[in-house]
Amino acid sequence: MKAINGQGQAVYYNCVIKHDKVRYQIQAASGQAITGRDRQKRKSRTFAQEHQARAWLVRNGYEIVG
């Protein structure tokens, strides 16, 4: 799914299997960076539970568009 914030930046939100476990990944689009756990710049962020990923999206102002 694609999510966009107020500045027009886009991220992709996907359910993936990593090390034989279901994980939820947020990946930056078009060369931008997203904030990691300690405010470092990352290209993607992985969460163990879906509600954690959705909370990150809301906290950073992203809305799912499709």
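Position one of the sequence shown corresponds to residue 7 (the working numbering), numbered consecutively onward.
Yeah, the Cβ is synthetic: ideal placement off N, Cα and C, and Gly gets one too.
At the C-beta level, N11 and G67 come within 8 Å of one another. The Cβ atoms of S50 and Q38 lie no closer than 8 Å to each other.
Contact check for Y30 and E56: beta-carbon distance about 5 Å, within the 8 Å limit, so the pair qualifies. When beta bridges are read from the DSSP output, K27 appears opposite K24.
Between R45 and the set A9, K24, Q13 and W62, the nearest pair of CA atoms involves W62.
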